[in-house]
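To get the numbering used here, take the position in the sequence shown, counting from 1, and add 33.
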Amino acid sequence: MRAVRFHRHGPPDVLRVEEVPDPSPGPGEILLEVKASSLNHLDLFVRRGMPGLTIPLPRIPGSDAAGIVRALGPGATVLRTGQRVCLNPGISCGHCEFCADGEGSLCTGYTLLGEHRDGTQAELVCVPERNAVVLPDAMSFETAAAAPLVYLTAWRMLVTKARLQPGMTVLILGAGAGVGVACVQIAKRCGALVYATASSPQKRQRLSGIGADEVFDPAEAEFDRQIRRRTGRRGVDVVIDYIGRDTWGASLRSLRRGGTLVTCGATTGYDPVEDLRQIFYRQLTVHGSTMGSGREFLDVWRCLRDGLFAPVIDAVLPFDQVAEAHRRMEGRGVFGKIVLTT
């Protein structure tokens, strides 16, 4: 089969499309013919290399995919060959204490396609059968492939961790990215008042178009001051921050007393300066969040299937243009997701 691989960490040019052996499904697995995959910021971090994480090389990147079941491994009995499916990119062991409690993303053996194991940017990939869901006939492979990682991440942050309810206020930082777009859609579906930041006028306009109530440029002034002004100095109930070091202090200052910050990443650095008084005196809650459980994935999938929200696709590119897709994402002009077709 053909697959995207990199043999060393570095810029987009390290990505190659190569011929590699076809995988074979093991016990409980399916063999998927990938029709579409999508890029996440995780793909950029994995390609560049991440401090403290050793990634075996060469590596096939990619976490999201949709395609056709081509073969079943021993013990895979639910799906049939020829079915159109989409993948949950997080793989858990199924038997540790966390899995038994329904918290698969806390699994001690949790792995993510494209990070801890070879991923979906290939013509074929093997995954556990339990990680696949059947596509509705009307849903395209491209739409399905654009959804899993970002919507699952956003759902766990907003619904499970922040417990967002109608009438609550939420600030979503860097909302033009894939996770941010998903957060805006989910927050509006929850009935929240949504504030969002984005660096370009084009992104701010598009965020307003998908439901954000107020969108502003964080460069105009410290965004915590802007939030205080917009909320009558109260602050918001929830802040979603996956930017990290550059925004952490202002994120805490944007919260009302007793408010909640949820983080799922740190694109500008993992070591912010922390004033703990902000947390204990104002009784703030800080949640870490990574991906989501199998149950949460099914909740997200039902919403997508029923059209309650829909992925925003910035561009669809051929598989061979993966390096160009990475360059576009690094240029920060992408709104939503880039999808690759095989």
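Even glycine gets a Cβ: it sits at the ideal position worked out from N, Cα and C.
Scanning the stretch 51-114 from its first residue to its last, the whole beta strand (DSSP E) runs of 3-plus residues come out as 62-71, 97-105.
Closest in alpha carbon position to GLY298, among ILE276, VAL319, LEU373, is ILE276. In this structure the stretch 198-210 does not lie against the stretch 172-180, because fewer than three pairs of beta carbons, one per stretch, are closer than 8 angstroms. Listed as beta-bridge partners of GLY123 by DSSP are LEU145. In the DSSP assignment, ALA220 falls within the unbroken alpha helix (DSSP H) covering 211-222.
Distance check between HIS359 and each of ARG35, PRO305, ASN73 places ASN73 closest, using alpha-carbon atoms only. Rounded to the nearest whole angstrom, the C-alpha separation of ARG80 and VAL355 is 12 angstroms. Taking C-alpha positions only, SER138 is separated from GLY127 by approximately 11 angstroms. The three-state reading of DSSP puts PHE368 in coil, since its state is none of H, G, I, E or B. When the five nearest sequence neighbours on each side are left out, the beta carbons in the same chain lying within less than 6 angstroms of the beta carbon of TYR143 are those of SER125, in order along the chain. In this chain, TYR303 is not harboured by any alpha helix (DSSP H), its DSSP state being neither H nor E. In this structure, the alpha-carbon of GLU51 lies about 14 angstroms from that of GLY152.
For a cut-off of 8 angstroms, the C-beta gap from LEU75 to CYS159 is around 20 angstroms, too long to register as a contact. The stretch 267-283 makes no contact with the stretch 156-170, as fewer than three CB pairs between them are under 8 angstroms.
In the DSSP assignment, HIS42 falls outside any beta strand (DSSP E) and carries neither an H nor an E. Taking a contact as a CB-CB distance under 8 angstroms, the pair PHE342 and ARG222 counts as one, their CB atoms being some 6 angstroms apart. Per the C-alpha coordinates, the member of LEU105, ASN121, GLY242 positioned closest to GLY115 is LEU105. Minimum Cα-Cα distance from VAL214 among the listed residues ARG338, VAL183, GLU255, VAL349 corresponds to VAL183. The beta carbons of THR296 and GLY321 sit closer together than 8 angstroms.
Only residues of its own chain outside the window of five on either side were considered, and among them GLU175, VAL372, THR374 have a CB closer than 7 angstroms to the CB of VAL349, listed in chain order. Residue state for TYR275 is assigned as coil, using DSSP reduced to three classes.
For GLU175, the uninterrupted alpha helix (DSSP H) run begins and ends at 174-178, by DSSP. Here THR293 is buried: its Cβ has 16 or more other Cβ atoms, across all protein chains shown, within 10 Å. Separation of GLU255 and VAL192 (C-alpha to C-alpha, rounded to the nearest whole angstrom) is 27 angstroms. The C-beta distance from PRO94 to PRO181 rounds to 15 angstroms, too long to meet the 8 angstroms contact threshold. Measuring C-alpha to C-alpha distances from LEU145 to each of LEU185, SER96, ARG189 identifies SER96 as the nearest. As DSSP reads the structure, GLY321 sits in a beta bridge with THR296.
PRO56 counts as buried, since at least 16 other C-beta atoms from the protein chains shown sit within 10 angstroms of its C-beta. At the C-beta level, ALA208 and VAL217 come within 8 angstroms of one another. The residues ARG278, in chain order, have a CB closer than 8 angstroms to that of ASP304 in the same chain once the five nearest residues on each side in sequence are set aside. The closest CA to that of GLY43, considering only GLU66, SER71, PRO91, PRO60, is found on PRO91.
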